[in-house]
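> Quick one: structure below, then a few questions.
Protein chains: 2
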Amino acid sequence: MAYAEQYIEKLRKSGLRPTKQRIKICEVLFDAENTFHFTIKELVKIIENQANIKVSLATVYNTVHAFMRKGYLKEIPLNASQSYYDTNVTHHHHFFDEEENRLIDIHQDDVDEVNIKRTIPGKKIKSVEVIAKIVSDNQSQK
Amino acid sequence: MAYAEQYIEKLRKSGLRPTKQRIKICEVLFDAENTFHFTIKELVKIIENQANIKVSLATVYNTVHAFMRKGYLKEIPLNASQSYYDTNVTHHHHFFDEEENRLIDIHQDDVDEVNIKRTIPGKKIKSVEVIAKIVSDNQSQK
DNA sequence: TAATACATTATATTTATTCTAAACTGTTGA
DNA sequence: TCAACAGTTTAGAATAAATATAATGTATTA
Numbered sequence: 003m004a005y006a007e008q009y010i011e012k013l014r015k016s017g018l019r020p021t022k023q024r025i026k027i028c029e030v031l032f033d034a035e036n037t038f039h040f041t042i043k044e045l046v047k048i049i050e051n052q053a054n055i056k057v058s059l060a061t062v063y064n065t066v067h068a069f070m071r072k073g074y075l076k077e078i079p080l081n082a083s084q085s086y087y088d089t090n091v092t093h094h095h096h097f098f099d100e101e102e103n104r105l106i107d108i109h110q111d112d113v114d115e116v117n118i119k120r121t122i123p124g125k126k127i128k129s130v131e132v133i134a135k136i137v138s139d140n141q142s143q144k
Numbered sequence: 003m004a005y006a007e008q009y010i011e012k013l014r015k016s017g018l019r020p021t022k023q024r025i026k027i028c029e030v031l032f033d034a035e036n037t038f039h040f041t042i043k044e045l046v047k048i049i050e051n052q053a054n055i056k057v058s059l060a061t062v063y064n065t066v067h068a069f070m071r072k073g074y075l076k077e078i079p080l081n082a083s084q085s086y087y088d089t090n091v092t093h094h095h096h097f098f099d100e101e102e103n104r105l106i107d108i109h110q111d112d113v114d115e116v117n118i119k120r121t122i123p124g125k126k127i128k129s130v131e132v133i134a135k136i137v138s139d140n141q142s143q144k
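If you read the sequences in order, they're chains H and S.
Heads up, the first sequence stops at 144 in my numbering, and the numbers go up one at a time, no gaps.
Heads up, the second sequence stops at 144 in my numbering, and the numbers go up one at a time, no gaps.
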């Protein structure tokens, strides 16, 4: 709760009113020592477990989208039934373990700069994401 | 229709019965001179427009999934409300134009090999996909 | 502190996708 | 060739994520 002030500041600076729901969501997302991945469903569950306040599903969606627009969160490009979000907004990539449905960060230093030689007239590259799908490495493979 | 024979062959080889619905879907997907991207909804529309036969939505889903399992199609990793599929199953990457909701192929030669230095014990990399999001390049930007 | 613009909420709605169970069809082997 | 079977198609129902709605509540402002 000690961090509430800085979240109020953060929200205000980006033109979002610091409501108690948004501050609570900030605490869940940005108090954590490490960045992490989540789905809306998981986020709702965390809020339910650690908060005394009730936050409606619509608010969670709205807030997550607002935070994305402000660059506090990013969406991980994955074809999953639910969207995955990342509190780590620095430039990095992901392994996706399809067997365990688990995302693992790949630090930027662990991937050579992705250099795309082709350009599209009138467009510029906003972001580059690498998704490496991984599966069990059964030794006994041909 | 001249290609029907080869589709029958293709389906049979992969253990799928060559039904008239599947052959029709093959014609739509693989007769095209160029590879292309599509959503289920778009595929249904194409089939409706160029076929005399009626194919139910469930069959389209089943067939697309069967073709994916066989490696005839692949899914493009994108957080979109609908899944995007690609008839180009060779190793390549994509631009995604968020403003126009448009996918553009990036040929493998236009991207340096993505070399991931990190490994996960017991796992091996199955596929590596690069998604480059592009936006309008307004000259007048700081 | 009143007015107002923005937020939250419960609920309904939308939409993609999956499921179901009955009817149908391609294949196999006699 | 045909019966039997396993795989397939189908319409419609079910599911679930995400979005819209509209009434109520709250932060901001002057």
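All residues carry an ideal CB built from backbone N, CA and C; glycine is no exception.
As the structure is a prediction and not an experimental result, all values here were calculated from the model.
1. Can you tell me the Cα-Cα spacing of A134/H and N51/S, whole angstroms?
2. On the DSSP bridge assignment, give the partners of K126/H in chain order.
3. Contact criterion: CB-CB distance below 9 Å. Does P38/S meet it with respect to chain H?
4. My output table needs one value for V116/H: the three-state DSSP class, helix, strand or coil.
5. Where does E11/H land, buried or exposed, given buried means 16+ other C-beta within 10 angstroms?
6. Do you know how far the Cα of S83/H is from the Cα of K26/S?
7. Relative to the C-alpha of D107/H, which residue among V130/H, K125/H, I49/H and H93/H is closest?
8. When you compare the CB of D33/H with every CB in chain S, is at least one pair closer than 9 Å?
9. With a CB to CB cut of under 8 Å and the five nearest residues on each side skipped, what residues in its chain are close to I118/S?
10. Find out if the Cβ-Cβ distance for the pair E101/H, V137/H is shorter than 9 Å.
11. Per DSSP, what kind of secondary structure is H96/H in: helix, strand or coil?
12. Please check if any C-beta of chain H sits within less than 9 Å of the C-beta of E131/S.
13. Report buried or exposed for I49/H, applying the criterion of at least 16 other Cβ atoms within 10 angstroms of its Cβ.
14. Counting only C-beta atoms, is R120/H closer than 9 Å to chain S at any point?
15. Answer yes or no: does any C-beta atom of chain S fall closer than 9 Å to that of N81/H?
16. Does the CB of I145/H have a neighbour CB from chain S at under 9 Å?
17. Who does T108/H pair with in a DSSP beta bridge?
18. So, under 8 Å CB-CB, N81/H and E77/S are touching, yes? Tell me the CB distance rounded to an integer number of Å.
For this structure:
1. Indexing the first sequence from 1 puts residue 134/H at position 132. Indexing the second sequence from 1 puts residue 51/S at position 49. Straight-line spacing of the CA atoms in A134/H and N51/S works out to 37 Å.
2. Sequence index remark: in the first sequence, residue 126/H carries index 124 (1-based). Answer by DSSP bridge pairing, in chain order: V137/S.
3. Working through the second sequence from its first residue, we reach residue 38/S at position 36. Note on residue identity: the sequence assigns Phe, not Pro, to residue 38/S. No, its Cβ sits nowhere closer than 9 Å to a Cβ of chain H.
4. If you number the first sequence from 1, residue 116/H lands on position 114. Three-state DSSP puts V116/H in coil, outside helix and strand.
5. Residue mapping note: residue 11/H aligns to position 9 of the first sequence, counting from 1. With fewer than 16 other Cβ atoms within 10 Å, it is exposed.
6. One-based indexing of the second sequence puts residue 26/S at position 24. One-based indexing of the first sequence puts residue 83/H at position 81. Cα atoms of K26/S and S83/H: separation of roughly 28 Å, rounded to the nearest angstrom.
7. Here residue 107/H is taken as the residue at index 105 of the first sequence, counted from 1. Among V130/H, K125/H, I49/H and H93/H, the Cα nearest to that of D107/H belongs to H93/H.
8. In the first sequence, residue 33/H corresponds to position 31, counting from 1. No - not a single Cβ of chain S is within 9 Å of the one on D33/H.
9. As a first step, residue 118/S must be located in the second sequence, where it is residue number 116. Cβ contact annotation for I118/S (same chain, cutoff 8 Å, sequence separation greater than five): I127 and V130, in chain order.
10. Translated into the one-based positions of the first sequence, residue 101/H becomes position 99. Translated into the one-based positions of the first sequence, residue 137/H becomes position 135. Cβ distance < 9 Å, so E101/H and V137/H count as in contact.
11. Walking along the first sequence from the start, residue 96/H turns up at place 94. Looking at H96/H - three-state DSSP - the assignment turns out to be strand.
12. Numbered from its first residue, the second sequence carries residue 131/S at position 129. It does: the Cβ of E131/S has a partner Cβ on chain H nearer than 9 Å.
13. In the first sequence, residue 49/H corresponds to position 47, counting from 1. Per the 10 Å Cβ criterion, buried.
14. Translated into the one-based positions of the first sequence, residue 120/H becomes position 118. Under the Cβ criterion of 9 Å, R120/H is counted among the residues facing chain S.
15. The residue given as residue 81/H occupies position 79 in the first sequence. Taking a beta-carbon distance threshold of 9 Å, N81/H counts as an interface residue toward chain S.
16. Limits of chain H in this structure are 3 at one end and 144 at the other, which puts residue 145/H out of reach.
17. Against the first sequence, residue 108/H aligns to sequence position 106. The sequence given here has Ile at residue 108/H, not Thr. Per DSSP, the beta bridge partners of I108/H are H95/H.
18. Against the first sequence, residue 81/H aligns to sequence position 79. Against the second sequence, residue 77/S aligns to sequence position 75. Contact between N81/H and E77/S holds, since their C-beta atoms are separated by about 5 Å, short of 8 Å.
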